[in-house]
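A.B. asks:
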Amino acid sequence: MIRTSCPDLRQHKCSTVIKCIHCDGDHHSNALKCPIVKSYRATLTKKLLSVNRPPPPHSAWSNNNNNNGNANINNNYQHNWSDYPQLPPPQQQNIPYSAVSNEMINKIGELIGSMQKFNDTLERIEKKNQDFEQFIVDSKNNDASLSKKLDQLNEKDKDYKKVHAQHDIKLTRHENVFTKLVLPMLDEIAKFMVNINVDINRGILNADFQVTINRMRAQLNNVSLNKDF
1 MIRTSCPDLR QHKCSTVIKC IHCDGDHHSN ALKCPIVKSY RATLTKKLLS VNRPPPPHSA
61 WSNNNNNNGN ANINNNYQHN WSDYPQLPPP QQQNIPYSAV SNEMINKIGE LIGSMQKFND
121 TLERIEKKNQ DFEQFIVDSK NNDASLSKKL DQLNEKDKDY KKVHAQHDIK LTRHENVFTK
181 LVLPMLDEIA KFMVNINVDI NRGILNADFQ VTINRMRAQL NNVSLNKDF
């Protein structure tokens, strides 16, 4: 049947669908539930039993030969029964090889049953193998997806490092501007405010303002030296 649907077996692709080649049923071709296999086994059993069937009685054989004798007489042939004496009766009524044949049939049936169980075991092993192969495929797909996500995280990490580096550059630039320009300028303003906080006699006009300005200058100095203020 495969030859008919696919002449070149190298191009055949299994669909994993169980189909009997005898009756197109959803079972294996040698399954005992196949009607054609059942019919074949029944015919084979009958044939084996018919081989072991005892010969017909002598009376039936005699009647048949009488009819043949009449035909032979018509053909000018004289049949003499003394030339064909009757065989003695068998010493044993039960034919020994009949039981052997029945035992053989039973053994064949047991062998077929064992083969069916073996086929069922192979089917289960094949099913587990297919499940394992599917698990491997799914694992590879999951690994590929995880690897893709890791690559995306690495790209985001690189982008974050770039942004962080740019941010550090900006902070350094702002720090330089603040320490080299803003702080000195504020210090000069504080010095100027201290100088103008005196009267004509060089006396301090506002002592609290003088203390506040000195404290602010000390804090600015600590900031420029990265100290706590």
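Anchor point for the sequence shown: position 63 equals 63 in UniProt numbering, and the numbering is continuous, going up by one each time.
All C-beta atoms in this analysis are idealised placements derived from N, C-alpha and C, irrespective of residue type, glycine included.
Can you have a look at Ala-60 and say buried or exposed, based on whether 16 or more other CB atoms are within 10 angstroms of its CB?
C.D. replies: Note that Ala-60 scores 47 on pLDDT, short of 50, meaning its location in the model is unreliable and no value can be drawn from it.
A.B. asks: Taking three-plus beta-carbon pairs below 8 Å as touching, is the stretch 128-145 in contact with the stretch 181-196?
C.D. replies: As far as the Cβ criterion goes, the stretch 128-145 does not touch the stretch 181-196, which means the pair count is below three.
A.B. asks: Would you decide whether His-174 is buried or exposed? Buried here means 16 or more other CB atoms lie within 10 Å of its CB.
C.D. replies: Exposed, because fewer than 16 other Cβ atoms sit within 10 Å of the Cβ of His-174.
A.B. asks: So, at 7 Å on beta carbons, what are the nonlocal neighbours of Cys-23 in its own chain, with the 5 sequence-adjacent residues on each side left out?
C.D. replies: Closer than 7 Å at the Cβ level, and outside the excluded window around Cys-23, lie Cys-34, Pro-35 and Ile-36.
A.B. asks: Would Leu-181 and Val-223 qualify as a contact pair, given that the criterion is a beta-carbon distance under 8 Å?
C.D. replies: Not a contact, by the Cβ cut-off of 8 Å.
A.B. asks: With DSSP collapsed to three states, give me the class of Ile-18.
C.D. replies: Coil at Ile-18, not helix or strand.
A.B. asks: Measuring straight from C-alpha to C-alpha, what distance separates Asn-201 and Phe-209?
C.D. replies: When rounded, the distance between both Cα atoms is 18 Å.
A.B. asks: Taking the C-alpha atoms as reference points, what is the distance between Val-177 and Leu-171?
C.D. replies: Whole-angstrom Cα-Cα distance: 10 Å.
A.B. asks: Check Ile-196 in the structure and name its three-state DSSP category.
C.D. replies: If DSSP states are grouped into helix, strand and coil, Ile-196 belongs with the helices.
A.B. asks: Have a look at Val-194 and Gln-219 and give me their C-alpha separation to the nearest angstrom.
C.D. replies: Each residue's alpha carbon lies about 16 Å from the other.
A.B. asks: Answer with buried or exposed for Cys-14, where buried requires no fewer than 16 other C-beta atoms within 10 angstroms of its C-beta.
C.D. replies: Looking at its Cβ environment, which holds fewer than 16 other Cβ atoms inside 10 Å, Cys-14 is exposed.
A.B. asks: By Cβ distance below 8 Å, which residues in the same chain neighbour Thr-16 in space, the five residues on each side in sequence not counted?
C.D. replies: Result list for Thr-16: Gln-130, in chain order.
A.B. asks: With a Cβ-Cβ cutoff of 8 Å, do Gln-116 and Ala-42 count as a contact?
C.D. replies: Not in contact: Gln-116 and Ala-42 (Cβ atoms no closer than 8 Å).
A.B. asks: Taking the straight line between their C-alpha atoms, what separation do you get for Leu-225 and Asp-151?
C.D. replies: C-alpha separation (whole angstroms): 43 Å.
A.B. asks: Where Asp-168 and Lys-162 are concerned, what is the direct C-alpha to C-alpha distance, given to the nearest angstrom?
C.D. replies: If you take the alpha carbons of Asp-168 and Lys-162, they lie about 10 Å apart.
A.B. asks: Taking the alpha carbon of Ile-108 as the reference point, which residue from His-27, Ile-196, Ile-213 and Thr-45 has its own alpha carbon closest?
C.D. replies: Ranking the options by Cα distance to Ile-108, first place goes to Thr-45.
A.B. asks: If you count every other CB in all the chains shown that lies within 10 Å of the CB of His-164, and 16 or more means buried, which is it?
C.D. replies: It counts as exposed.
A.B. asks: According to DSSP, what are the bridge partners of Ile-204?
C.D. replies: Its beta-bridge partners are Val-198.
A.B. asks: Can you look up Leu-146 in the DSSP assignment and give me helix, strand or coil?
C.D. replies: DSSP places Leu-146 in helix when its eight states are reduced to three.
A.B. asks: Output yes or no for whether 8 Å exceeds the beta carbon distance between Asn-206 and Asn-197.
C.D. replies: Yes.
A.B. asks: Can you name, in chain order, every residue of its own chain whose Cβ lies under 7 Å from the Cβ of His-27, other than the five neighbours on each side?
C.D. replies: These residues qualify, in order along the chain: Ile-18, Cys-20, Lys-33 and Cys-34.
A.B. asks: Flag Asn-102 as yes if its beta-carbon sits less than 8 Å from any beta-carbon of chain B, otherwise no.
C.D. replies: In the structure shown, chain B cannot be found, because there is only a single protein chain.
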